[in-house]
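A quick write-up on the structure given underneath.
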Amino acid sequence: MKERIYDAIREALLRQGPEGQPRFAVERPRDMSHGDYSSNVALVNKLDPQEFAAKLKVEGVEKIEVAGKFINFYLSREALLPGEQVIAQPYAGKTVLVEYTSPNLFKPLHIGNLIGNILGESIARLLQKTGADVKRVNYPSDIGLTVAKGVWGLTQTKGDPNDIKALGEAYKVGNAAYEDGSGKEQIDAINTALYEHSNAEWSDLREQGIATSRRHLDELCARLGTKFDTEFFESESGPLGTDIVRAHIGKVFEESEGAVVYKGAHTRVFLNSRGLPTYEAKEVGLFDLKSKAYPDFDVSLTVTGGEQKDFFGVVFDAIGKIFPDKVAGKTLRHVANGFLRLTTGKMSSRLGNVITGESLLEDLQKDAQEKMADRVLADKEKTAQEIAVGAIKYSVLKSGSGRDILFDPEQSLSLEGDSGPYVQYALVRARSLLRAASDKGIAPSQSDAPEHASVLERVLVHYAETVEYAAVELEPHYLTTYLTELAAAFNSWYAQEKVLGGPHQHYGVFLAAAAERTLAEGLTLLGIPTPEEM
RNA sequence: GCCCUCGUAGCUCAACGGAUAGAGCGCAGGCCUCCGAAGCCUGAAAUCGAGGUUCGAUUCCUCGCGGGGGCACCA
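Take the first sequence: its position 92, counting from 1, is numbered 1461 in our numbering, and each next residue is one higher.
Next comes the structure, spelled out in structure tokens:
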């Protein structure tokens, strides 16, 4: 619909004469009383709005009104009848790699790690919906200093490498010893030994710890709704990156103080003075792995914390110099996710005040269970989990992608108001109404539609363009905001409308079905579960 | 020191250079004999400061103040 109005204006503008590039916007007015769409075309092009508006004719628009500097478009009743929504396909024919989650094996996943997974999953789904062939990539860190700290910690604590909590404890011990210097030498030695597989005992601890960590990770990803297409490990990208970097010393890289560095916007170390690859060199290897697995990819997105922005700027720059041919025509892009801060202060593995992803989910599940105490549901546990996942995901996806998320561990997460469960609840009510209608044999139909459209229909029309916008901008929160508005419109309509048995009952069912479809699809694009009942 | 970000009701967040700056929580009040009250309705309450660009600035630019992040062997 938006396209249609846009095209009509552009055509009329071109007919006016050769004034160069037509410049104008068609947007959804903030206030519904200003119509369903609005344009600033007259203002920007210094035209008489009345005169210009008179020349416009758009199918599906019943009233074109000039309000001061704007031209407002009111859709016809027919155009406002909820129907098939066609989602534009700006990514058609594109292969997009989305790398996200990228956990540190050997440490339990804390809520901070969850943010990247939640954002990445939603972006992947939005891209898919708008035409892309999406490949989900996980890049776990299974070797390097972090793992060495954990292994050293285990040798001290004698913890069980099959116990995830013991791993967390061991990492804390190792990290502390590394920072105060007391264990630095030994940990560095373990690090080297792990790369070289020169110590069976340490390598064995590493393998066991990784297996434990992966079990928990897989289980958590399954609960969150992520299924990766490919995994690349740092133990693969490390050696590969090392070789590639070495082969380009003098051309792209230079040696300095025993290390191999790249001098871009700022200087970064790719191989440290012990000859081991840093994160930087591993990224070089990772790019090579990605281009071998998916030689025809068009876009590669890396979703990680915003603090890595400058880092990726330099690394992508270096990769472009190493592989000018492989990078040509492709886009490498870093997508920043914010990090999670606690109201009680910074969360830090070192201080031990981490909240693991698992424990947060469990707490929320308990809250949800309590709320459902007096209800009879088919599967309360499953439902509670859907609500818990919805609550967490919504709280991450409701603000702009790079923004930090403030989390109050005392208050837990909200299950009401501006929240995941609020939108889920609207969906559940719509489904419940549809079930009741079906039981009573009231079929959906437009036959008894009321003369005027309600707010609900006027919100529904904007679904497709919102999905497209969120996908192109890589900003799921536009969709989140929209769905909350849609849920509010539905709840409001539902509260004042006695549907079944009323004069517009068939249309009411028809409208509820449209709301149900849209809410369900929208939530799915965010990666939020869509419960049948709650 | 340099670079990047952010600053909007008491709190957590929205607002693609546009019209009367929207929500939720909290606060004050109202609504279940009726398809689900995790809901609906009403009310009080905000753009960090100073300049500039623009017909129009929360949004863009400059300066200042205040958070956060990054800048050589962590990821």
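Beta carbons: idealized from backbone N, C-alpha and C, even for Gly.
From residue i to residue j, what distance separates their C-alpha atoms?
i     : j     : result
Y1564 : A1517 : 10 angstroms
A1840 : A1634 : 30 angstroms
A1795 : A1856 : 6 angstroms
K1735 : T1561 : 44 angstroms
R1800 : L1843 : 30 angstroms
G1789 : R1798 : 14 angstroms
E1866 : K1371 : 29 angstroms
P1646 : L1523 : 24 angstroms
M1741 : A1757 : 13 angstroms
L1589 : S1471 : 13 angstroms
K1620 : L1670 : 27 angstroms
L1383 : P1391 : 7 angstroms
A1858 : G1610 : 53 angstroms
G1654 : G1607 : 6 angstroms
R1379 : H1821 : 30 angstroms
K1432 : I1724 : 55 angstroms
K1504 : V1465 : 6 angstroms
A1381 : E1490 : 42 angstroms
E1901 : V1792 : 13 angstroms
S1814 : V1830 : 18 angstroms
E1570 : E1576 : 10 angstroms
G1462 : D1598 : 18 angstroms
H1479 : R1710 : 12 angstroms
G1759 : D1808 : 29 angstroms
I1440 : E1434 : 6 angstroms
Give me, in chain order, the residues of the same chain whose beta-carbon lies closer than 6 angstroms to that of residue i; leave out the 5 immediate sequence neighbours on both sides.
i     : result
K1476 : Y1540
I1533 : P1477, T1581 and H1585
G1771 : G1675, A1705 and G1707
L1483 : G1726
Q1738 : A1753
Y1547 : K1518, K1553 and I1556
D1502 : T1464
Taking DSSP as the reference, what is the three-state secondary structure of residue i?
i     : result
S1642 : coil
D1736 : helix
I1897 : coil
K1553 : helix
I1480 : helix
S1669 : strand
V1621 : coil
I1433 : strand
T1611 : helix
A1705 : strand
L1383 : helix
G1769 : coil
G1674 : strand
K1695 : helix
T1989 : Since the displayed the chain opens at 1370 and closes at 1903, residue 1989 lies outside it and no answer follows.
Short of 7 angstroms in beta carbon distance, which residues of its chain neighbour residue i, apart from the five on each side in sequence? Order them along the chain.
i     : result
K1695 : S1660
R1827 : M1401, D1405 and L1449
R1719 : For R1719, the pLDDT reaches just 48, beneath the cut-off of 50, and the residue's location in the model is therefore unreliable, although a value from the coordinates is still provided. Excluding positions up to five away in sequence, the list reads K1541, N1544 and A1545.
D1511 : L1474, I1579, F1602, E1603 and S1604
I1811 : L1869, Q1874, H1875 and V1878
E1854 : V1828
By a C-beta neighbour count over all protein chains shown, 10 Å radius and 16 as the cutoff for buried, is residue i buried or exposed?
i     : result
N1531 : exposed
K1632 : exposed
R1804 : exposed
A1745 : According to the sequence displayed, residue 1745 carries Val and not Ala. Classification of V1745: exposed, given that the 10 Å Cβ count is below 16.
R1643 : exposed
G1513 : buried
S1764 : buried
L1775 : exposed
V1413 : exposed
Under 6 angstroms from any heavy atom of the ligand ZN, does the C-beta of residue i make it?
i     : result
I1811 : No copy of the ligand ZN occurs in the structure displayed, which carries no ligand at all.
Beta-carbon within less than 8 angstroms of residue i's beta-carbon, same chain only, minus the 5 sequence neighbours each way: which residues are those?
i     : result
V1868 : L1802, A1806, Q1874, G1877, V1878 and A1881
V1836 : I1456, L1495, K1498, T1499, L1848, G1891 and L1894
What residues are listed by DSSP as bridge partners for residue i?
i     : result
S1407 : E1396 and N1441
T1599 : V1506
T1581 : Answer is none; T1581 lacks a bridge partner.
I1774 : L1709
N1473 : S1510
L1869 : Paired residues: none, contrary to the question.
A1628 : S1625
R1637 : Y1631
V1467 : R1505 and L1670
T1700 : V1668
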